[in-house]
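In this note's numbering, the protein residues as written are 9 to 404.
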Ligand code: LCS
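As structure tokens, this is what we get:
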């Protein structure tokens, strides 16, 4: 009897999606098909595979059983039609841009996206005649005003990195579709456990799986999931041709990491909620932004479109950059490193690190102020994290 996961809950899906792809030996663990190419049965078989008359593997850049198992599993979690795994999150982002944008096209994007997702448009795609408007996508009227007759894509990150501002996915889908544009959502900060943009009208969702989906800070990767066969058929040849596909060993590691995704996400969120409340009440803290706090300007939207509030917090210490450095240099459990979504807590300073490539005026206009500290909360004991922060804050 085969297991039908379509009618099962998210925890059952995460545990069993992509199980038993080995029909030869029945291995429970997913095998790694570490091969670059696949042998045809005969000349006609090879021709049929290339002609698309028969399904089968040809060459690992185009498709591989281990990678395909991961793609099917993550597609099931995002309620999509098809998934395409990529070598990194940026390979996913750039491939989506390449598929939908060209000379004379315009895109509207979240101003506080991950730095490279913005800079690759402003510095590279602009050389090929792509226009862009990066705006505060928590403001629906501003999005509407930014759309032009040649806008082909609305690209949002929600919550945005690192301002933790939200965009209303359903409303963005409506605006994009009214203008004949696609809505693409970078769902990295939520993971498929806490937010499913395709259910809210998005056409394409993508993740840096370097973060929550892999969750162990040992792999870089990305994935794109489409809502329809049409979007999948638009994207798949672009990624095959650009070559930023995922390697079979990478796919195996990511599948292994993904099995504990819902447990890690739940634990991280519990910790984050408590720490956000602790920081908000602390006399040395200027402000805290976390979607689970009533003080978050879009707390109601968070409750409506997200299944949980996640484990990313941003905050600013009274005394600005220098006081912030005291915290960064004196915490001992969170490690001072970029990235997020791993089992361990990480802390960093976006203005001088992840978002340093954005020109200062644009960065500050997007709300990424000099004093902002980004805190990615892991699965440690929350009492230990709080005591560690308290000690660092006491040194200011
Ligand atoms: N999208 C988001 C929301 C990200 O945070 C990142 C990387 C990417 C896409 C790109 O993914 P990658 O190619 O690195 O897998 N964010 C990082 C960050 O915040 N710190 O270091 C990398």
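Cβ atoms here follow ideal geometry from the backbone N, Cα and C, with glycine treated the same way.
Round the Cβ separation of residue 261 and residue 226 to the nearest angstrom and send it over; I've been treating them as touching at under 8 Å.
Sequence index remark: in the chain shown, residue 261 carries index 253 (1-based). Sequence index remark: in the chain shown, residue 226 carries index 218 (1-based). At roughly 7 Å, the Cβ-Cβ gap stays under 8 Å, so residue 261 and residue 226 are in contact.
beta-carbon residue 169 near the ligand LCS non-hydrogen atom, thresh 6 Å:
Start at 1 with the first residue of the chain shown, and residue 169 comes out as number 161. For the ligand LCS, at least one heavy atom lies less than 6 Å from the Cβ of residue 169.
Which value, in whole angstroms, describes the spacing of the CA atoms of residue 209 and residue 235?
The residue you call residue 209 lines up with position 201 of the chain shown. The residue you call residue 235 lines up with position 227 of the chain shown. Taking the straight line joining both Cα atoms gives about 9 Å.
Less than 8 Å between the CB atoms is what I'm expecting for residue 116 and residue 269, so what's the real figure, rounded?
The residue given as residue 116 occupies position 108 in the chain shown. The residue given as residue 269 occupies position 261 in the chain shown. Their Cβ separation, rounded to whole angstroms, is 31 Å, which puts residue 116 and residue 269 out of contact at 8 Å.
Buried or exposed: residue 119, going by 16 or more other Cβ atoms within 10 Å of its Cβ?
Indexing the chain shown from 1 puts residue 119 at position 111. Buried, by the Cβ-count rule.
Please name the residue, chosen from 94, 20, 344 and 113, that lies closest to residue 188 on a Cα-to-Cα basis.
Here the question's residue 188 lines up with position 180 in the chain shown. Taking only the C-alpha atoms, the option nearest residue 188 is 113.
According to DSSP, residue 322 sits in a beta bridge with which residue or residues?
Residue mapping note: residue 322 aligns to position 314 of the chain shown, counting from 1. For residue 322, which the question treats as bridged, DSSP gives the partners 297 and 382.
Element boundaries [beta strand (DSSP E), containing residue 53]:
Translated into the one-based positions of the chain shown, residue 53 becomes position 45. Looking at the DSSP string, residue 53 is not in any beta strand (DSSP E); the run it does join, the alpha helix (DSSP H), is 51-59.
State the CB to CB distance for the pair residue 103 and residue 246, rounded to an integer number of angstroms; the pair is presumed to be in contact (CB under 8 Å).
For the purposes of this step, residue 103 is identified with residue 95 of the chain shown, where counting begins at 1. For the purposes of this step, residue 246 is identified with residue 238 of the chain shown, where counting begins at 1. With 8 Å as the limit, residue 103 and residue 246 qualify as a contact, their Cβ atoms being about 6 Å apart.
Per-residue burial, residue 126 [other beta carbons within 10 Å of its own, 16 or more giving buried]
Reading the chain shown from its first residue, position 118 is the one you call residue 126. Under this definition residue 126 is a buried residue.
Helix, strand or coil: how does DSSP classify residue 304 here?
One-based indexing of the chain shown puts residue 304 at position 296. Three-state result, residue 304: coil.
Residue 3 - containing beta strand (DSSP E), residue span:
Outside the displayed span of the chain (9 to 404) sits residue 3, for which this structure offers no information.
Look at the alpha carbon of residue 91 and the alpha carbon of residue 29, and state the distance between them as a whole number of angstroms.
Counting from 1 along the chain shown, the entry for residue 91 is found at position 83. Counting from 1 along the chain shown, the entry for residue 29 is found at position 21. Each residue's Cα considered, the two are about 17 Å apart.
Proximity winner among 42, 96, 84 and 100, relative to residue 72 (alpha-carbon distances):
The sequence position of residue 72 within the chain shown is 64, counting from 1. When each option's Cα is compared against that of residue 72, the closest is 42.
Are residue 202 and residue 333 closer than 7 Å when you measure CB to CB?
In the chain shown, residue 202 corresponds to position 194, counting from 1. In the chain shown, residue 333 corresponds to position 325, counting from 1. Cβ distance not < 7 Å, so residue 202 and residue 333 don't count as in contact.
What residue range does the alpha helix (DSSP H) around residue 146 cover?
In the chain shown, the residue the question calls residue 146 occupies position 138. Run containing residue 146: none; DSSP gives neither H nor E here.
Within 7 Å, strictly: CB atoms of residue 297 and residue 259
The residue you call residue 297 lines up with position 289 of the chain shown. The residue you call residue 259 lines up with position 251 of the chain shown. No; because the gap between Cβ atoms is not below 7 Å, this pair is not in contact.
Please state the DSSP three-state secondary structure of residue 281.
On the chain shown, position 273 is the one that residue 281 refers to. If DSSP states are grouped into helix, strand and coil, residue 281 belongs with the helices.
Simplified DSSP state of residue 215, which is helix, strand or coil
Along the chain shown, one-based indexing puts residue 215 at 207. DSSP places residue 215 in strand when its eight states are reduced to three.
Note down the Cα distance separating residue 18 from residue 244, rounded to an integer number of angstroms.
Indexing the chain shown from 1 puts residue 18 at position 10. Indexing the chain shown from 1 puts residue 244 at position 236. Rounded to whole angstroms, residue 18 to residue 244 spans 26 Å at the Cα level.
Of the listed residues 388, 164 and 338, nearest to residue 273 (C-alpha basis)
Translated into the one-based positions of the chain shown, residue 273 becomes position 265. Checked all of 388, 164 and 338; the closest Cα to residue 273 is 388.
Which partner residues of residue 116 appear in the DSSP bridge assignment?
On the chain shown, position 108 is the one that residue 116 refers to. According to DSSP, residue 116 bridges with 141 and 162.
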